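Chemist:
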Amino acid sequence: MVSGNIFHCKKHSWPPEEYISRATLHLLDFDSASPPEHAWRRRLNSHANLLREFSVTFREAVKMIRLGLRLWSYVREEASHGRKAPIDPFTRESCKPSASQGVPLGGMGYAVVTSSAILGVQGFAICFIVMDKVVASQEIFISRDGGNKKYASVLAPGQHEGLGKPDDHGISSWGWNLSGQHSTYHALFPRAWTIYDGEPDPELKISCRQISPFIPHNYRDSSLPVAVFVYTLVNTGKERAKVSLLFTWANSIGGISHLSGDHVNEPFIGEDGVSFECQGGTPSPSDKITLQAKDNPPVTFAIAACETQNVDVSVLPSFGLTEQSHITAKDMWGKMAQDGHFDRDNFHAGPSIVSSPGDALCAAVSASTWVEPHGKCTVAFSLAWSSPKVKFLKGSSYNRRYTKFYGTSERSALNLAHDALINYKRWEEEIEDWQNPILNDKRLPEWYKFTLFNELYFLVAGGTIWTESHLPAKEEESNWVSNHDRSVKVKTTAARIKPAKMNGKHNIVVKHDQISQQGPENNCEDVGRFLYLEGIEYIMWCTYDVHFYASFALLALFPKIEMSIQQDFAKAVLCEDGRKVKFLAEGNYGIRKARGAVPHDLGTHDPWHEMNAYNIHDTSKWKDLNPKFVLQIYRDFAATGDMSFALDVWPSVRAAMEYMEQFDRDDDGLIENDGFPDQTYDAWTVHGISAYCGCLWLAALEAAAAMAHRLGDKGFEEWCKSKFLKAKPVFEGKLWNGSYFNYDSGLSSNSRSIQADQLAGQWYIASSGLPPLFDDFKIKSALQKIYDFNVMRVRGGRMGAVNGMHPNGKVDESCMQSREIWTGVTYGVAATMILAGMEEQAFATAEGIFTAGWSEEGYGDASGVGISPPTSPHEAGNGGILSSPSGAVRGAISPLPTIGIPYSTLYWFQTPEGWTTDGHYRSLIYMRPLSIWAMQWALSLPKAILEAPGINMMDRLHTSPLDFRAGYGDTSRFRKSASRRSWFGNQVFQCTCK
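Counting in the working numbering, the sequence shown runs from 19 upward without gaps.
1. In the structure shown, what three-state DSSP assignment does residue 702 receive?
2. Secondary structure at residue 412, three-state DSSP: helix, strand or coil?
3. Residue 552 lies in the beta strand (DSSP E); which residues open and close that run?
4. If distances are taken between C-alpha atoms only, which option among 77, 321, 553 comes closest to residue 940?
5. Just verifying my parser: in three-state terms, what is the DSSP assignment at residue 360?
6. Nearest to residue 1044 by alpha carbon, out of 244, 338, 254?
7. Please report the residue range of the beta strand (DSSP E) in which residue 597 lies.
8. Going by DSSP, name the residue or residues bridged to residue 226.
9. Identify whether residue 774 lies in helix, strand or coil by the three-state DSSP scheme.
10. Under a three-way DSSP split, which group does residue 156 fall into?
11. Consult DSSP for residue 345 and reduce its assignment to one of helix, strand or coil.
12. Can you tell me which of 871, 946, 613, 717 puts its alpha carbon nearest to the alpha carbon of residue 969?
13. According to DSSP, simplified to helix, strand and coil, what is residue 942?
14. Between 226, 121, 956, which has its C-alpha nearest residue 206's C-alpha?
15. Kindly list the residues whose CB is nearer than 7 Å to the CB of residue 623, restricted to its own chain and excluding five residues on each side of it in sequence; keep chain order.
16. With a threshold of 16 other CB atoms inside 10 Å of the CB of residue 747, please say whether the residue is buried or exposed.
17. Are three or more beta carbon pairs between the region 734-744 and the region 678-696 nearer than 8 Å?
18. Kindly give me the distance between the Cβ atoms of residue 926 and residue 571, rounded to whole angstroms, as I take these residues to be in contact under 8 Å.
19. Residue range of the beta strand (DSSP E) that residue 60 falls in?
20. DSSP on residue 256, reduced to helix/strand/coil?
21. Would you give the residue range spanned by the beta strand (DSSP E) that residue 608 belongs to?
22. Could you please give me the residues that DSSP links to residue 203 through a beta bridge?
23. Whole angstroms are fine: how far does the CA of residue 610 sit from the CA of residue 629?
24. Would you mind giving the Cβ-Cβ distance between residue 640 and residue 697, rounded to the nearest angstrom? I have them listed as a contact below 8 Å.
25. Taking 8 Å as the cut-off, does the region 78-94 touch the region 433-450 (at least 3 CB pairs, one atom from each stretch)?
26. Can you tell which of 41, 967, 393 has its C-alpha closest to the C-alpha of residue 723?
27. Quick check: the region 555-575 against the region 643-658, are at least 3 beta-carbon pairs closer than 8 Å?
28. Would you kindly report the start and end of the unbroken beta strand (DSSP E) that includes residue 932?
29. I need the boundaries of the alpha helix (DSSP H) containing residue 568, first residue and last residue.
30. Counting pairs of Cβ atoms below 8 Å between the region 212-219 and the region 362-372, do you hit three or more?
31. So what's residue 1021 in DSSP terms, helix, strand or just coil?
32. For residue 914, count neighbouring C-beta atoms within 10 Å of its own C-beta (all shown protein chains included) and say buried if the count is 16 or more, exposed if not.
33. When burial is assigned at 16 or more other CB atoms within 10 Å of the CB, is residue 807 buried or exposed?
34. Sorted by chain position, which residues of the same chain lie with C-beta nearer than 6 Å to residue 775's C-beta, five sequence neighbours on each side aside?
35. Using three-state DSSP, classify residue 865 as helix, strand or coil.
36. My guess is that residue 159 and residue 354 are in contact by the Cβ rule of under 8 Å, so how many angstroms apart are they, rounded?
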């Protein structure tokens, strides 16, 4: 917990009046139109500088040349089968990334529509990695004094390519008249505000509020692919103003799909008398246009506006971008500039003519209103998109989560857009109820408050899939239960799993008989299955070594999703996939998935069935995955108290722990690394005992013992304690040097390096309410060393914690990952500091990530503080061959930066895996930075964890080894405590030995 008001004297990052005048803030201070005090801010006229991509040094490239050749061959082989390799460093995007992203639109589990902090609604990606600019924008037309004063502009700065060409009939013919000098973008995920403070009309204040249904613990609305734009208009002039707002959209799913042809637009008028609060009168039905795109699966869009007594809605079902179009974009603009609305007869136009290949098909919805002198008015638009099925390239089709509530019709976008206009105020209330306790906490620095929420963008923009159930779509359709019958019809399932042999003796059969789903206390609600990518460059679902850091966000906000993911991995532990795989780092072959080993990921092209898409190393020999699984399982169990979850995954926990025995080669209780990068730092070689994996193993032993204790499995509890008591003194004796734990016990040049992540195990132990692994002096001493060296000796603490630092104060450059600053690891280190009572160091450490990644001031000059400036292009990271591998190969061909192009180190809403000390990023839009929620977890540990029963690891039970072996196959001794929990329902857990 944060003690006292230790941050009361910290200057706010951005006083609101520096961006918007106090008078404007006061005028907009109603109906949530004014942006909150604590929000990330950006002027619309800010320049979107290009981002500088990471490059390996010449020495690193030489080391990885064989790996690069094997990877290149693998990428080509996958392409020959029509598949994209999960790691492809050779295919470059045509558009260089820039600092221009904003809050994404929609809920979780779907494709993402992106917004721009500079250009407004900029682009969208149905395939979760394509982000191209399309005709997706908002425009305004204002008329005063009987038409003698007119203003017309796209509500984005005039930066469109081709602007000013007289013969152009596309969108460059529109009025791009906004300078952006007096307009600002404010982001507090899942909402954003764009304030136009007298632009384009000096006497009109405009607030555009963007709302998406990302609502913690709401597993219905948070799955909806929909967003709302609410415009608040304030007339400060002495004349009435007629204001027409326009929402345009292209029939496209990104890229060049708007030119693929066979697209149809169609206008609709609602028939149900929609009722919601709007200033000025009683509303009538809402008006919509749907757009259906060609492709498989089909995609339908709907853009909608609400017509009220004071707001008139009109539509233009179709217009094009070329002179050959029946109605061109230029024609459309002229019509709106002259009349301020479209013809009402357009509602009866019916479906448009099917578009031909090469022709873009666009649509527009207009909402017009009169704003009296010193009056106010509100206009709402909604956007929805629907593609009910997701089809994996090598696997099955699944219905998306939202189809549970809106069905599988492609036209469900109509109902989604309609309902969004009714429900958005309730969504905002729930969002504010969630965020306000943190935003109003005066102990917390301002940058932390909005960065905490804004890093959640990844759960929408990072490529997420949320299915309606565990069953493929065809199987589910045959067992369809109507909405009226869902509460009474329950499916009975049975599963027989043959897990790993434990020491060659034990198998377990788990059978789930009927599961009751009645009553509010049921914790077994089917929330479907959830997948999210490691990053948009590393296309692997639920990469587990990274989820270890990111999972705090899901556990805090959507615990049922987090536990669903853990159950997927628990099932995977007990399975084996004997298909041969070539591992690219060494060129050797092995099986895809070993029994007892936690998979690296859930796959790419056939998730849940073809796991371990990652094929650089044989991850069955990694030393961190199994301990991370045990630690996450115990933390989730301790936080939720869900005994049915604990019993369900317990065989997998035991299998994962026993699997690790093979890596204790000298029987000292401690696992040893094998002289290759056998953990999440998959380019950073480890020899012997390592601080990172060894600490994780000690923590896993304690967590497993605590879980065994709570489940009544005395034999396994004793086994874990015995291992722990042997391993701990060995770990401390070989790695503790008086002030921190050495990187490893080897004799390499970096064995004494200070690793920022050396206390990862202690982080989880403290987060789970368990006794510390080491005495308080060692924990605080190691953290202080990390702070003094890894943090403060890199740009004066303005970049985060570098992964490796030599004790002489020089960055460890033994490999590309040792010299990187990993954003998510830095947040994890900060959380560990909070749990150790070092709050000031914690927030100073994490603030470096904000400064380098989110603050306009950046990380400072290139000379650095405490590190030597680069002495050659290779050391500067500007002249490598391979770039941006997350491990030895997660990278791409990277040319030298273009001289004269402005570059940026700011990564808002695309936080990368990491950056180098000179500001070159690697892997934008990455999962691990979600670990900032570990800081919030540390600041406010759940009551269940604070009150969880402790365990004394020094208190031996003195049971015999035979007790442990017998206890493994017989769960009767720990089933009794669970059966007393009434919410456990009728679930039966049976284990038999084979």
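All C-beta atoms, glycine included, are put in the ideal place defined by N, C-alpha and C.
What you are looking at is a predicted structure, and each value in this text was computed from that prediction instead of being measured.
Modeler: Based on what the coordinates show:
1. coil
2. coil
3. Residue 552 -> no beta strand (DSSP E), and no H or E assigned at all.
4. 553
5. coil
6. Here the chain has residues from 19 to 1012 only, and residue 1044 is not among them.
7. 595-600
8. 212, 249
9. coil
10. strand
11. coil
12. 717
13. coil
14. 121
15. 101, 410, 411, 412, 413
16. exposed
17. Yes, they touch.
18. About 18 Å separates the two Cβ atoms, so there is no contact after all.
19. 58-61 is the span of the beta strand (DSSP E), which, as asked, contains residue 60.
20. coil
21. First-last of the beta strand (DSSP E) with residue 608: 607-611.
22. 60, 212
23. Here the alpha carbon of residue 629 sits roughly 7 Å from the alpha carbon of residue 610.
24. 6 Å
25. no
26. 967
27. yes
28. 932-934
29. It spans 562-575 - the alpha helix (DSSP H) in which residue 568 sits, taken as one unbroken run.
30. no
31. The requested residue 1021 is not part of the displayed model; the chain covers only 19 to 1012.
32. At residue 914, the pLDDT of 28 sits below 50, so the modelled position is not reliable; the number obtained from the coordinates is stated separately. The residue in question, residue 914, is exposed, as its Cβ has fewer than 16 Cβ neighbours within 10 Å.
33. buried
34. Excluding sequence neighbours, residue 775 sits near 710, 843.
35. helix
36. 5 Å
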